[in-house]
Structure formats: structure tokens, C-alpha cells
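A.B. asks: Residue numbers (the UniProt record's numbering), protein chains in the order written: chain A, 1 to 467; chain B, 1 to 672.
For each residue, glycine too, the CB sits at the ideal point set by N, CA and C.
All of these numbers come straight from a predicted model, not from anything done at the bench.
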């Protein structure tokens with residue numbers, strides 16, 4: 001036993017069996033799109049001359065031909081097939097990327113449909129089923145797209161196309177339409193983070209250049225989020241979409257349209273309920289704060305929304321909520337603060353007395369924030385009574401000494417802020433608790449009487465017995 | 001608030017209903033408004049009590065308006081409210097007033113949270129049945145229409161679930177309107193609503209007149225089945241089952257089949273998966289003729305689909321598909337059109353596909369009969385028994401009984417054995433556990449000789465597995481084997497090996513001996529238990545490890561009923577008494593448990609006493625715990641009197657009983 005501490009021989013000894021099937025090291029998974037039905041036949045492309053090798057008058061036509069050639073799709077799960085042709089397409093795509101970046105006058109009107117067709121052929125595909133049923137993006141390695149060597153170049157090319165100085169949205173809008181955008185949005189569910197990153201850039205450019213598509217894009221993102229929140233809880237690209245939205249919100253004109261406010265309240269706030277919040281919380285909080293910086297009057301609905309969806313059992317999420325709340329408080333206007341201070345500090349009082357020390361600690365850190373401190377000080381006559389009993393109790397009862405120490409600091413701060421009230425609350429603490437207990441007892445009695453009544457009614461011949 | 005809560009303070013606001021006046025609505029409403037969510041939730045869950053206290057009239061005029069106005073709360077509270085209201089008809093005064101419940105439920109049906117909305121819809125469906133036809137038209141149908149034209153998608157989604165309950169009882173004019181509403185939801189702008197409509201399409205079709213099904217539902221179905229979102233298209237497949245059941249063969253061919261064919265070849269694997277998953281239902285719905293012409297070819301495609309998910313779903317349906325084929329010509333169809341594809345799947349690259357197939361493939365043998373099974377299926381079974389994936393092998397083994405009926409298991413035994421042995425040694429304990437569970441079945445089918453020769457050693461090896469769950473399963477496996485092969489077999493093959501483990505240096509193995517004895521004693525009977533097992537158990541009472549000792553106490557309690565009184569008195573009692581004085585708390589506790597258990601049992605069976613005479617040893621099966629007694633209440637009294645009953649057996653039992661009285665009434669949490 002002592003000879004090999006790394007392997008557990010004792011286990012095998014007890015088992016009496018040798019381990020025949022040692023768990024195989026997990027291979028790096030990759031996946032391909034769902035579009036291949038075994039075709040079997042090798043693909044042949046006729047090699048074309050390089051663009052730079054032909055006179056410029058022939059270049060446009062050759063460019064089109066190359067675009068058409070690149071519409072051919074290869075099966076990358078079969079690593080041995082069509083190796084030569086795969087390499088040919090790769091070098092052609094590379095050439096196209098260079099060409100569209102450097103050449104002037106290459107975007108003629110005929111090229112638009114061909115570019116969009118080539119991009120569509122390559123990127124639009126049904127995403128395959130996720131390999132593991134319960135894919136946990138925090139734990140599991142993402143599955144990578146097998147055809148990335150081509151796909152990346154196609155995305156690269158498309159972005160250069162959209163960013164080209166010669167690019168004319170008025171021509172492109174015939175081809176980059178609602179259907180195109182819809183398919184593009186579906187791809188955000190890709191498990192491959194590299195692909196989602198490119199998609200983010202692409203969608204951002206499209207949103208920037210196609211004014212006519214903006215409302216549509218926002219609506220479809222809405223739908224994706226609502227489905228994510230209320231139906232599937234599964235969508236890989238939420239963080240990326242939120243990142244785009246962050247910059248969209250930044251550009252909203254004032255006063256905000258009703259549509260945008262609805263988006264905040266009915267979509268962004270409910271996004272907080274999702275189990276996998278940690279994967280996109282930073283982006284989400286950024287969007288929320290952007291909204292509040294645009295229009296401070298939204299503070300109340302936002303904070304009330306957060307209160308409504310405050311995590312009941314997940315401490316990790318609670319810490320995230322507290323973090324977001326602090327970001328909001330950092331930009332809150334004092335007039336707005338007054339409106340929500342009561343529900344807000346009732347919640348903070350609960351967090352402070354959480355038995356989970358990370359939650360309690362995160363909440364107590366608010367007292368290190370100078371701006372929040374100044375707000376508390378201004379309103380200490382409201383906040384102190386709300387916080388007092390929790391703080392007092394924790395200072396006596398919390399298991400974690402660090403929390404107790406922090407609470408002492410907070411109590412000290414309150415004492416300095418409003419010593420008269422502090423003394424009064426300390427004096428009445430006991431009698432207040434007793435009064436609460438009495439109230440509780442009266443409640444119980446009321447319910448007991450009601451139940452007796454129900455029993456009595458149930459026995460009466462004309463009594464209605466609820467089913 | 002605190003003061004007002006007391007009864008008798010409230011003014012007699014209700015008037016008529018006597019004691020109702022004690023509970024002014026304000027107090028109850030305060031409860032519903034309590035700051036603590038949990039208390040609000042409790043109050044809502046007792047809403048029927050509140051309503052009862054208020055009486056039907058005040059429930060209608062005060063409580064329901066209050067509920068309708070204040071629906072902004074935690075979803076959990078709203079969920080409870082939605083559920084309560086579904087059973088509220090009686091509390092508002094019966095069917096004539098059922099419509100009073102609609103306003104709060106309408107608000108709840110527009111809430112964001114899906115579970116709340118679904119519950120509200122469920123309750124609305126429930127109370128729709130309680131409406132009179134007049135009230136239905138006057139109140140319910142307008143509500144459905146309002147929801148269907150709501151601004152936000154939630155109300156429109158909820159509306160989808162209400163059409164089918166109000167349609168059959170509505171007038172013809174209204175029916176046309178209802179259909180119109182449904183049509184517009186099927187073409188709604190948001191995919192959420194289209195999904196809801198698609199999922200209710202089949203249900204709605206069932207309550208429609210056949211003409212309307214053909215003229216209205218079928219076009220809607222076709223549209224939804226070619227929706228731009230695959231999440232909508234796949235729901236249309238489900239609707240297809242219901243719609244197909246309603247149509248004649250000709251209509252089916254003309255109206256539904258083109259769409260279904262298209263769905264089976266959809267570019268999204270999710271849609272194809274749905275077709276595979278619903279295949280049996282589809283097959284039944286379209287009937288044998290279309291099955292042969294259309295579904296079989298589609299099924300072949302699904303079996304060789306490019307996505308493993310789809311292949312696995314189709315593989316799951318192989319047996320049902322074959323079973324449901326018309327008997328005439330079934331064999332030929334299976335042999336020519338299905339079996340070739342199955343053969344391919346046996347060597348599929350994906351283990352889920354193979355495993356799905358393995359879970360149903362054995363069922364084909366009853367359909368194909370002995371000769372075909374031997375010639376065509378047996379090679380496949382054997383191949384799967386050798387599959388690299390344990391789940392595949394396990395699925396084959398777990399379905400052995402199907403084959404057993406047709407060709408007997410002997411045909412397989414040569415391949416079976418290595419497969420079983422390998423599963424028995426699999427690194428994953430759940431696999432080992434699964435194979436253990438099939439051991440009694442295998443033993444029965446393979447016979448005692450084969451078992452002794454090949455499998456017995458495996459069964460014994462599991463007893464010393466390093467995972468407790470395996471040891472535990474191995475123990476109960478032994479019991480089942482003894483039940484199958486009889487006590488003599490047990491005495492010769494099992495018991496000696498089990499008892500040897502009592503001397504094992506590992507205390508876990510020593511405990512396994514005890515667990516085996518617990519399981520086997522009953523099946524083995526008194527003689528073996530007394531002569532062979534008991535001495536070992538008693539000897540183990542001196543074990544160094546406390547866990548072993550308190551398990552000795554537990555074992556003694558367990559086997560006590562099987563032993564005769566002599567053995568109890570002369571052998572068990574002293575040992576338990578000694579354990580009762582053990583230094584370890586838990587050993588003491590379980591020894592006491594055992595003593596009281598045995599004593600109570602013995603008294604109950606053989607020595608009936610009147611209740612008044614019963615000393616405070618509660619019957620073991622009545623109450624596990626001792627009731628605390630006053631100091632020295634009747635100690636001595638009962639036993640002293642009974643001492644005069646001078647037979648040795650009763651004396652022994654009584655002493656046992658007395659023993660119990662002596663121990664302190666300390667109760668411990670068993671640490672098992």
C-alpha cells in the first residue's frame with residue numbers, strides 16, 4: 001500500500017477484481033454540422049489561377065468563380081477524405097479574405113448575392129445535438145466545430161466584406177434580409193465559443209449598417225431570451241447577445257421608447273432567474289446599469305424586479321445579485337434611492353444575516369462604499385430601524401468571526417451616524433422582540449380558530465366541504 | 001394589527017352568518033399581505049379556509065376582488081393561488097357563480113412565469129366545465145377572446161389551451177369566432193405563441209366538426225409544419241397523430257401525408273427525432289396501408305439518420321413498429337425491410353444507438369419465431385453480448401426472458417457467461433449493481449448446476465465488493481437464490497462461505513456476514529439458523545469493532561423470531577445483556593432495542609395479557625420507542641405477580657421484559 005501512493009491499490013484489493021476498463025481519457029470533442037448525409041463521393045474542384053496572376057479586367061469574374069467554388073461543403077468529421085480539396089478551399093478562402101481587404105473596386109453589384117450565398121452555404125446549418133445531455137458550460141469543455149479551418153475564414157471574409165469601405169448597405173439589404181438575420185441568430189446557440197465571438201462581430205456590424213433591420217433584430221433577440229428564460233433554459237450565446245445589446249442600449253435616444261422599457265422589465269430582469277446566470281451575469285448587469293444611466297426613473301422598477309427574483313436557495317446567485325445591486329447603487333440618484341430604500345434594506349438585512357458567510361460578507365461590504373455610505377447616512381432614520389435587529393442579532397449569534405467583526409464596524413458606523421436613535425433601538429430591542437413573539441402567537445391562534453371553524457362547518461349538513 | 005387579530009374584537013360585519021363575524025376580512029387580508037413570503041404562501045394555501053370563514057357571499061364580493069386587485073406577488077404565491085381557485089366553485093356558491101372566479105384567473109393567465117400560467121390555465125379548464133352553457137357564452141368565451149388578443153405574448157399563449165374546452169359547448173355563431181381566434185394564434189408573430197398553438201392543435205382538432213378539420217385545421221397544420229423555427233415544426237408532428245386519427249384514408253393521403261413525409265426528412269434533426277419518437281403513435285394513426293407504403297421507408301431512413309439521437313430514437317421503436325404491423329405478411333416485411341437496417345445498427349458507432357437497440361431487439365424473437373430467431377437474431381444478440389459498451393450487454397441480459405420463451409437460454413449460455421463475468425467486474429459500480437439484479441432470473445433460467453459451476457463464485461465475490469451498495473445487493477441476491485434453489489443448497493454452498501467471512505480481518509466483511517445472516521435466516525429456517533448461524537453471531541459479539549457489535553445486536557433481534565425459546569433464553573439473552581452494558585453508546589442502544597424487541601414479540605405471541613396488566617413495554621410493532629414513565633411506577637408489580645406463573649419459558653420471557661424496564665430511557669439516534 002505504501003509503495004504506490006498515487007494509485008489506490010487498496011480499493012482493488014477489497015474489490016478482488018482487476019480493473020479492466022479504466023476510464024478512457026476524454027478525447028477532445030469536436031462536432032460537425034448536422035447536414036451531412038453520407039455522400040461517399042469524393043469532391044472535385046477545378047483549381048483556378050490566383051487572382052493576382054490575372055489582369056485586373058478578369059479579376060471580377062474570377063472572384064465570382066472562386067466565391068462559387070467556396071460554396072462546396074466538406075465533411076470534417078471524416079479526417080481522411082478530400083484532403084487536397086479541403087486544402088484548396090482553405091487557400092482560396094484565404095485569398096478571398098486578402099482580396100476583399102486590399103483590392104479597390106472589387107465589390108460590384110453582382111458580387112453581393114454571390115458573397116451572401118457563399119456565406120450562407122457555409123455558416124447556416126442545423127446545429128448538432130449537444131454531446132452531453134446536461135452540458136454544464138462551467139465544467140465541461142465546449143465542443144468545437146470540426147469545420148473551423150474553413151468556417152473561420154468564411155466569417156473573417158464576411159466581416160471584411162461588411163467593413164469594406166466600398167460596402168453599400170442599400171444594395172446588400174436585398175440579400176441580408178430578415179430571414180438571413182434569423183438564421184444568423186440561431187447560430188448563436190453554437191457550442192464553439194470561437195464561432196460565437198465571430199457571430200457577435202457580424203451581428204454588431206449588421207445592426208450598425210442596416211437601419212431597417214434594427215427593430216427586427218431586437219425583437220428576435222427578445223424572443224430568444226424569452227424562450228431561454230421560460231421554455232428551455234438552454235442557449236449558448238446569451239452572453240454574446242447581451243454584449244451586443246449593451247452597445248445598442250448605449251446608443252438609445254432619449255426619452256426611451258416604451259418598447260425599450262418593456263424590454264428592460266419583461267426580458268432583462270427575468271433573465272436573472274435562469275439557473276446558469278453566472279455565465280452572462282457580467283454582461284447582463286452592464287446592460288441594466290446602461291439603462292439606469294440613460295433613464296434614472298427606471299431605478300425603482302429594476303430594483304423591485306430584482307427583489308422579486310431574489311434567489312431563495314442559491315447563495316452563489318445571491319452574491320451576484322448583491323454585486324449587481326452595488327453597481328446600481330453606484331449610479332443611483334438620491335431621489336431614486338429614497339423611493340426604494342425600504343424594500344431594498346429589508347432585503348439587505350436578510351442578506352446580512354445569511355448563515356452563508358459569503359452572502360453576509362458581500363452585503364456588509366456595502367458599508368465600505370463611500371457613496372452608499374453617504375446615502376445611508378442621509379437616510380439613517382429610515383434605514384437604521386430596518387437594519388438594527390438583524391445586525392444586533394448577528395453580532396451575538398453569527399458563527400463566523402469575520403462577519404461578527406464586520407457587523408461591529410457597521411453598528412459602530414450607525415452609532416456615530418445617529419446615536420440618539422441607536423440608543424433608543426438598543427433600549428427597545430428586547431421589548432420589540434417580545435412584541436413580535438406575541439404577534440406570532442396571536443396569528444397562530446387565529447388560524448387554529450379558523451381550522452376549528454372549518455371542521456365544524458364540515459360536520460354541518462349544509463356545510464360546504466372544499467374539495 | 002396585533003390587537004385586531006384576537007377573535008371577538010371585530011364588529012359583526014358579515015351580519016347573517018353567525019360566527020363569521022368573528023373574522024373580519026381585514027384580518028384575513030392582513031394575513032394574505034404579510035411581509036414574510038412563507039406566511040403569505042401559507043395563507044394562500046389555506047384560502048379555502050378563509051373563504052369558508054367568510055361565507056359564499058363575502059367571498060364573492062370581498063375576497064375575490066381583493067385577490068384580483070393585488071396580483072403582484074412572488075410566483076410561488078401566485079402558483080398556489082392559481083391552484084386554489086380551480087377548486088373554488090363550491091366556495092363561491094356553486095356553478096351559478098363559477099364565473100366570479102374568472103377575473104383573478106385571467107390575471108394569473110397573463111403572468112410571465114410559465115408554471116403559474118399553466119396552472120391558471122389548468123384551473124380555468126377545470127372551472128369551464130362547471131359553467132352553465134349560458135355563463136360559458138357570457139363569461140368564459142369572452143375571456144378566451146380577450147386573452148387571445150392580449151398585447152403581451154403570455155396571454156395569447158395561455159389562450160391556446162382554452163379553446164378546446166369551450167368550443168364543444170358554444171353556439172354555432174360563437175364556434176366560428178372561436179375558430180377564427182385560434183387561426184390567428186397559429187400565425188402569430190411570436191414563436192412562443194405559435195408553439196403553444198401547435199401543441200394544442202391536435203387537442204383542438206378533436207373537438208371540431210370533421211369539415212372544419214379538413215378546411216381549417218389541415219391548412220394550419222401544414223403551415224406550422226413548415227414554420228421557419230424548428231421548435232414549432234416539431235410540435236406539428238405531435239398534432240399530426242391526432243389529426244390523422246380523424247381523417248379517412250383518402251383524406252389522410254391527400255391532406256396529411258405530404259407534410260408528414262416532409263417532416264421525416266426535415267433538415268433539422270429535432271424534427272426528425274420527433275418523428276422517430278412518435279413513430280408508434282403515427283403508425284397506429286395512419287393505419288396499416290400507409291404504414292407499408294410510407295412509414296416503413298421513412299423508418300428505414302431514420303434508422304440510418306446522420307444524427308445518433310435520431311437513430312437511437314428510431315431504434316427504440318423497432319419492436320413496437322414490428323409488433324404493430326399487420327400479422328399477415330409481417331414476417332416478410334420485417335425480414336426484408338427492417339432486419340437489414342437493424343444489422344447495421346448492431347455495429348453503430350454510437351453507444352446510445354446500440355444500447356437503445358439492445359433494449360428492444362430481444363422482443364423481436366417472439367414476433368419472428370424460433371427458426372428466424374436462431375438463424376437471424378441470435379448472431380445479433382451474440383454480437384451485442386460482446387459489445388464494448390457495458391450498457392449494451394446489460395440491456396441484452398436484462399431482456400433474456402423474451403428469448404427464453406422462444407429458443408431457451410441454453411443457446412446463449414456460451415456467450416452469456418463471458419458477458420456476465422465482464423459486467424460483474426465492470427469498473428462502474430452501477431453496472432455491477434444492475435447485473436446483480438438479474439442474477440436470480442439468470443439462475444432460474446440456467447439451472448442450479450450451471451449456476452454452481454459458473455456463477456456462484458461471482459455472487460460470493462460481490463459480497464466483498466468495495467462499494468456498499470454492491471455488498472448490500474449481493475446479500476439480498478443470496479436470499480433470492482436460496483428461495484429459488486432451496487435450503488439444502490444454501491446449507492451446502494452458501495452458508496459455509498458466508499460464515500467463513502466472520503473471521504475476515506476487514507470489519508466490513510465481518511459485518512457482511514451479519515447482513516447475510518439477516519437476509520438468509522428466514523429462508524434457511526430454524527435449524528440452520530440455530531445450529532450454524534447463531535453460534536457465529538454470538539461469537540462476534542466479542543468483536544473489537546463497535547459497529548460489528550451493534551450489528552450483532554441488530555442481527556439477534558432480526559433472527560430472534562426464528563429461534564426457539566431455549567436458544568433465546570440460554571444463548572441470546574446473556575449476550576444481549578452483556579452488550580447492553582457495552583462501553584459504546586450505540587452498541588448499548590441497539591442491544592436494548594433488541595432485548596425489548598424480542599421480549600415484546602415473545603409476550604405478544606404466547607402470553608396474552610390484558611391491557612391493564614401490560615407493563616410499559618410497548619409492542620414492538622406498535623411503537624418503536626419506549627414511553628417515558630414516572631419513576632418506579634409499577635416496576636416489580638407486574639413481573640412480581642407474574643413470577644408465580646412458574647413455567648420456564650414464560651419466566652424467561654418475563655425476565656427479558658423486566659430487563660427492559662431497568663435500562664435508562666435514553667434514546668439515541670441510530671448511527672447506521
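Quick check on residue 145 of chain B - is its C-beta less than 8 angstroms from some C-beta in chain A?
C.D. replies: no
A.B. asks: Determine, for residue 309 of chain B, whether the minimum Cβ-Cβ distance to residues of chain A falls below 8 angstroms.
C.D. replies: yes
A.B. asks: In whole angstroms, what separates the C-alpha of residue 451 of chain A from that of residue 154 of chain B?
C.D. replies: 37 angstroms
A.B. asks: On the three-pair Cβ rule with 8 angstroms, is the stretch 47-54 of chain A touching the stretch 78-86 of chain A?
C.D. replies: For the pair of segments examined, the stretch 47-54 of chain A was found not to touch the stretch 78-86 of chain A: the number of CB pairs separated by less than 8 angstroms stays below three.
A.B. asks: Please work out which residues of its chain come closer than 6 angstroms, Cβ to Cβ, to residue 84 of chain B, disregarding the five sequence neighbours upstream and downstream, and give them in chain order.
C.D. replies: 47
A.B. asks: Using a C-beta cutoff of 8 angstroms, does residue 22 of chain A count as contacting chain B?
C.D. replies: Low confidence applies to residue 22 of chain A: its pLDDT is 37, below 50, so where it sits in the model is not reliable enough to give any reading.
A.B. asks: Contact check, residue 199 of chain B vs residue 162 of chain B under 8 angstroms by CB: the rounded distance?
C.D. replies: Contact flag wrong, Cβ pair sits at about 13 angstroms.
A.B. asks: Is the CB of residue 228 of chain B under 8 angstroms away from at least one CB in chain A?
C.D. replies: yes
A.B. asks: Of all the residues that make up the stretch 109-132 of chain A, which are near chain B by a beta-carbon distance shorter than 7 angstroms?
C.D. replies: 126, 128, 129
A.B. asks: Could you say if the stretch 57-69 of chain B and the stretch 83-98 of chain B meet the contact criterion of at least three C-beta pairs nearer than 8 angstroms?
C.D. replies: With a cut-off of 8 angstroms, the stretch 83-98 of chain B and the stretch 57-69 of chain B count as touching, because enough Cβ pairs lie within range.
A.B. asks: Please report the straight-line C-alpha distance between residue 375 of chain B and residue 175 of chain A, rounded to a whole angstrom.
C.D. replies: So the two alpha carbons sit approximately 59 angstroms from each other.
A.B. asks: At which residue ranges does the stretch 352-399 of chain A contain complete alpha helix (DSSP H) runs of 4 or more residues, listed in the order of the chain?
C.D. replies: 357-364, 370-378, 380-397
A.B. asks: Is it buried or exposed, residue 82 of chain A, if we count other Cβ atoms within 10 angstroms and call 16 or more buried?
C.D. replies: Here residue 82 of chain A is buried: its Cβ has 16 or more other Cβ atoms, across all protein chains shown, within 10 Å.
A.B. asks: The alpha helix (DSSP H) spanning residue 181 of chain B covers which residue range?
C.D. replies: 172-186
A.B. asks: What does residue 266 of chain A touch in chain B if you count any residue whose Cβ is under 8 angstroms from its own?
C.D. replies: 112, 152
A.B. asks: Within 10 angstroms of its Cβ, does residue 104 of chain B collect 16 or more other Cβ (buried), or is it exposed?
C.D. replies: buried
A.B. asks: In the UniProt repeat "HEAT" (217-255) of chain B, which residue ranges form an unbroken alpha helix (DSSP H) of at least 4 residues, counting only runs that do not cross its ends?
C.D. replies: 218-225, 230-246
A.B. asks: Cα separation between residue 464 of chain A and residue 302 of chain A?
C.D. replies: Its pLDDT being 46, under 50, residue 464 of chain A is placed unreliably by the model, and the measurement read from it follows with that caveat. A direct Cα-to-Cα measurement between residue 464 of chain A and residue 302 of chain A gives close to 44 angstroms.
A.B. asks: Using a threshold of 8 angstroms, state whether the C-beta atoms of residue 481 of chain B and residue 474 of chain B are closer than that.
C.D. replies: no
A.B. asks: Output needed for residue 309 of chain B: all residues of its chain with C-beta closer than 7 angstroms, excluding positions within five of it in sequence on either side, in chain order.
C.D. replies: Cβ contact annotation for residue 309 of chain B (same chain, cutoff 7 angstroms, sequence separation greater than five): 269, 273, in chain order.
A.B. asks: Can you grab the Cα-Cα spacing for the pair residue 654 of chain B / residue 577 of chain B, in whole Å?
C.D. replies: For residue 654 of chain B, the pLDDT reaches just 37, beneath the cut-off of 50, and the residue's location in the model is therefore unreliable, leaving the point undetermined.
A.B. asks: Just confirm the distance between the C-beta atoms of residue 100 of chain B and residue 54 of chain B, as a whole number of angstroms; I'd bet it's less than 8 angstroms.
C.D. replies: The beta-carbon distance between residue 100 of chain B and residue 54 of chain B, rounded to whole angstroms, is 13 angstroms. This is too long to meet the 8 angstroms contact definition.
A.B. asks: Spell out whether any CB of chain B is found under 8 angstroms from the CB atom of residue 191 of chain A.
C.D. replies: Taking CB atoms only, residue 191 of chain A has no neighbour in chain B less than 8 angstroms away.
A.B. asks: Quick one: is residue 489 of chain B near chain A, going by C-beta distance under 8 angstroms?
C.D. replies: no
A.B. asks: Check distances from the C-beta atoms of the stretch 138-152 of chain A to those of chain B and list, in chain order, the residues that come in under 7 angstroms.
C.D. replies: Those would be none; no residue qualifies.
A.B. asks: Out of A:291, A:299, A:252, A:324, point me to the one whose CA is closest to residue 278 of chain A's CA.
C.D. replies: Selected option, being the one with the closest Cα: A:324.
A.B. asks: Going straight from the alpha carbon of residue 246 of chain B to that of residue 294 of chain B, what length do you get?
C.D. replies: 19 angstroms
A.B. asks: Which runs of the alpha helix (DSSP H) spanning at least 4 residues fall entirely within the stretch 357-409 of chain B, listed in chain order?
C.D. replies: 364-372, 378-385, 390-398, 400-407
A.B. asks: Under a three-way DSSP split, which group does residue 303 of chain A fall into?
C.D. replies: helix
A.B. asks: Between residue 344 of chain A and chain B, is any beta-carbon pair separated by less than 8 angstroms?
C.D. replies: no
A.B. asks: Could you please give the first and the last residue of the uninterrupted alpha helix (DSSP H) stretch that includes residue 152 of chain B?
C.D. replies: No alpha helix (DSSP H) contains residue 152 of chain B, which DSSP labels as neither H nor E.
A.B. asks: So residue 270 of chain A contacts chain B; which residues on that side make the cut at Cβ distance below 7 angstroms?
C.D. replies: Result: 112.
A.B. asks: Between the Cα of residue 262 of chain B and those of B:242, B:227, B:284, B:248, spot the shortest distance and give me the residue it belongs to.
C.D. replies: B:227
A.B. asks: Give the straight-line distance between the Cα atoms of residue 214 of chain A and residue 208 of chain A, rounded to the nearest whole angstrom.
C.D. replies: Taking the straight line from one Cα to the other gives about 8 angstroms.
A.B. asks: How would you label residue 435 of chain A, buried or exposed, when you count the other beta carbons within 10 angstroms and need 16 or more for buried?
C.D. replies: Classification for residue 435 of chain A: exposed.
A.B. asks: With a cut-off of 8 angstroms, do at least 3 Cβ pairs link the stretch 381-390 of chain B to the stretch 415-432 of chain B?
C.D. replies: yes
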